[in-house]
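Numbering (our numbering), first residue to last: 53 to 308.
A virtual CB, placed ideally from N, CA and C, is assigned to each residue, including glycine.
Written out below as structure tokens is the structure these notes cover.
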């Protein structure tokens with residue numbers, strides 16, 4: 053990717069600008085019973101290596117699930133892993149391996165798919181049908197959890213860069229601590245099994261303490277050349293916990 057992708061983050065606690073919204077509005081962060089639908093993030097670790105034939109089944113199964121539930125409810129990030137000395141995958145990025153090792157402490161092997169973190173792991177895909185059944189069960193189970201965060205963003209472009217301003221709000225009545233706000237740049241390459249290819253992984257920004265009803269803002273910056281393909285989006289997600297207890301709490305996709 054031409055030029056380095058930079059992440060500039062400024063966190064600022066804001067008073068929620070909710071105007072005259074009634075306090076019983078479920079989308080109002082100041083309402084202690086507020087919540088939103090949970091958007092599920094599926095992180096798939098794959099390769100175009102012909103020897104990794106099962107990766108195709110996994111991606112076909114994810115495509116079927118996305119077609120059924122809609123991209124407003126399921127976001128997919130396809131991380132292509134490098135295989136030095138054996139296969140040169142043109143879509144592999146070094147950061148993909150680092151993210152994989154965050155989610156999977158042991159038993160590395162592709163295809164490997166994670167629905168909202170390590171607890172939603174599905175490894176292997178002996179057929180698209182069996183992979184789909186496993187993915188569907190996990191998706192349905194995760195959708196029953198309330199979404200206690202909301203992520204919104206605005207995109208501004210110049211000739212030199214793309215600036216994405218993101219607002220993260222804590223819903224419900226309880227504070228949240230030790231959060232990590234993250235983002236990945238995804239490109240649709242316009243061909244089967246390559247509609248959500250991760251092209252860049254941003255370093256996470258920690259949010260140590262987010263009170264109920266509080267909003268923080270972050271700014272992601274990347275060079276205009278990084279999004280010149282015409283069909284890119286930024287998947288932004290908030291994560292809690294560490295290691296095997298890591299959980300993706302909410303996700304959003306911002307078209308660039």
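**Endpoints, alpha helix (DSSP H) assigned at residue 116** = As a working note, residue 116 is residue 64 in the chain shown. It spans 106–121 - the alpha helix (DSSP H) in which residue 116 sits, taken as one unbroken run.
**Request:** Note down the Cα distance separating residue 168 from residue 213, rounded to an integer number of angstroms.
**Result:** Working through the chain shown from its first residue, we reach residue 168 at position 116. Working through the chain shown from its first residue, we reach residue 213 at position 161. In a straight line, the C-alpha of residue 168 is about 30 Å away from that of residue 213.
**Counterpart residues of residue 138 in DSSP-defined beta bridges** = Reading the chain shown from its first residue, position 86 is the one you call residue 138. Here residue 138 is not bridged, per DSSP, to any residue.
**Request:** Answer with buried or exposed for residue 150, where buried requires no fewer than 16 other C-beta atoms within 10 angstroms of its C-beta.
**Result:** The residue you call residue 150 lines up with position 98 of the chain shown. Exposed, since its Cβ has fewer than 16 Cβ neighbours within 10 Å.
**Asked** Does the separation of the CB atoms of residue 99 and residue 141 fall below 8 Å?
**Response** For the purposes of this step, residue 99 is taken as the residue at position 47 of the chain shown. For the purposes of this step, residue 141 is taken as the residue at position 89 of the chain shown. For residue 99 and residue 141, yes; Cβs fall inside 8 Å.
**Item:** Under the three-state DSSP convention, the category residue 288 falls into
**Value:** Counted from its first residue, the chain shown places residue 288 at position 236. Three-state result, residue 288: strand.
**Prompt:** Which one of 209, 202, 162 has the shortest CA to CA distance from residue 135?
**Reply:** Your numbering for residue 135 matches position 83 in the chain shown. For residue 135, the closest alpha carbon among the candidates 209, 202, 162 is that of 162.
**Item:** Beta-ladder partner(s) of residue 164, from DSSP
**Value:** Mapped onto the chain shown, residue 164 falls at position 112. Residue 164 is bridged to 97, 175.
**Request:** Below 8 Å CB to CB, which residues in the same chain sit around residue 262 once its five sequence neighbours on both sides are set aside?
**Result:** Indexing the chain shown from 1 puts residue 262 at position 210. Taken in chain order, the residues that qualify are 220, 222, 227, 228, 229, 231, 268.
**Message:** Rounding to the nearest angstrom, what Cα-Cα distance links residue 119 and residue 205 in this structure?
**Reply:** Here the question's residue 119 lines up with position 67 in the chain shown. Here the question's residue 205 lines up with position 153 in the chain shown. If I take the Cα positions, the gap works out to 25 Å.
**Item:** Backbone secondary structure at residue 132 - three-state DSSP
**Value:** Your numbering for residue 132 matches position 80 in the chain shown. Residue state, collapsed to three classes: strand.
**Asked** Can you check whether the CB of residue 283 is closer than 8 Å to the CB of residue 240?
**Response** For the purposes of this step, residue 240 is taken as the residue at position 188 of the chain shown. For the purposes of this step, residue 283 is taken as the residue at position 231 of the chain shown. Yes, the Cβ-Cβ distance between residue 240 and residue 283 is below 8 Å.
**Request:** Answer yes or no: do residue 145 and residue 250 have a C-beta to C-beta separation smaller than 8 Å?
**Result:** Working through the chain shown from its first residue, we reach residue 145 at position 93. Working through the chain shown from its first residue, we reach residue 250 at position 198. Yes, Cβ-Cβ distance for residue 145 and residue 250 is below 8 Å.
**Request:** Grab the span of the alpha helix (DSSP H) containing residue 181 for me, first residue to last.
**Result:** The residue labelled residue 181 in the question sits at position 129 within the chain shown. Segment 180–195, the alpha helix (DSSP H) holding residue 181.
**Item:** Whether residue 314 touches residue 236 by CB criterion (8 Å)
**Value:** In this structure the chain extends from 53 to 308, so residue 314 is not present and cannot be described.
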